[in-house]
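In terms of our numbering, the sequence shown opens at residue 3 and continues consecutively. Virtual Cβ for every residue (Gly too), placed ideally from N, Cα, C.
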Amino acid sequence: MNEIKFTRISWNRFGELCDELYQKIETYLKMTGKHIDLIIPMMREGGFVALTLSYKLNTYKVLPLHSKHVFKQDHYEILQMADFPKTYYDIPQSPLILLVDVLSFSGKSGNLAYQRVKERFPRSSILFAYILKDYTTIEFEGFEKTFSVITADDHNMLSDEDAVNQGIDKHVYLFPWQNEEEEKASILQRDYQYSN
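Pasting the structure below:
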């Protein structure tokens with residue numbers, strides 16, 4: 003693995019990326035004549051993108067899904083941190099759900115989230131939107147459609163020459179709210195100590 007050099011995304015650039023993601027989703031919705039019934043942010047980070055999209059898509063129906071990557075000896079596990087909360091609004095029997103995260107590092111979280119959403123809403127159709135996708139992300143199964151804005155080398159595995167030849171963004175991005183040490187630990191698959 004090459005040395006990790008982060009490029010921090012400003013809040014302004016984050017807003018622009020959310021606009022680009024929204025345009026892709028809106029184009030798809032207009033093309034298909036569909037509308038979003040429910041937005042599910044993959045917490046923590048997916049909340050930043052999901053709440054922005056909820057305003058742009060004109061919906062207040064947001065239901066968080068909270069999982070966390072935890073390092074266990076020599077591998078990561080994805081733990082469920084909370085159940086879906088109770089809602090006080092109607093959700094159709096066969097809703098179109100927009101699942102939202104900020105990035106797809108491996109694809110495992112997205113596939114796990116898909117399973118959890120289908121358990122709660124078995125007749126749903128699910129779209130998946132995220133800003134950044136690592137070029138090594140596995141294929142997603144079951145989603146009606148996926149949307150992303152940037153394909154990058156978030157694992158920092160490619161040489162500069164290989165990245166250029168494959169048309170892949172070589173930056174390892176830090177979003178405005180991210181902690182560099184936490185992100186470095188995630189990329190290197192090391193334990194990170196939280197304050198709680």
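- By the Cβ neighbour-count rule, T34 is exposed, with fewer than 16 other Cβ atoms within 10 Å of its own.
- For L40, DSSP records a beta bridge to I99.
- Under the three-state reduction of DSSP output, V151 falls in the coil class, being neither helix nor strand.
- If the five residues before and after Y91 are omitted, its C-beta is found closer than 7 Å to the C-beta atoms of K63, all from its own chain and listed in chain order.
- Taken through DSSP and simplified to helix, strand or coil, F177 comes out as coil.
- When beta bridges are read from the DSSP output, F130 appears opposite L101 and T148.
- Rounded to the nearest whole angstrom, the C-alpha separation of K172 and I133 is 15 Å.
- Non-local beta-carbon contacts of W13 in its own chain, meaning distances under 7 Å to residues more than five positions away in sequence, involve P178 in chain order.
- In this chain, the alpha helix (DSSP H) harbouring T29 covers W13 to T34.
- The beta carbon of S56 sits closer than 6 Å to those of I41 and V64, all from its chain and outside the five residues before and after it, given in chain order.
- Inclusion of A165 and F149 in the CB contact set at 8 Å is not warranted, their separation being larger than that value.
- Leaving aside the five residues that flank L59 on each side, the residues in its chain whose CB is nearer than 6 Å to its CB run, in chain order, I38.
- Put simply, the backbone Cα of K88 is about 15 Å away from that of P94.
- Taking 8 Å as the cut-off, the Cβ atoms of V51 and V119 do not count as close.
- Rounded to whole angstroms, I6 and I27 show a C-alpha spacing of 32 Å.
- In the structure shown, the three-state DSSP call for L67 is strand.
- If you look at F8, you'll find it isn't in any alpha helix (DSSP H); it sits in the beta strand (DSSP E) that goes F8 to R10.
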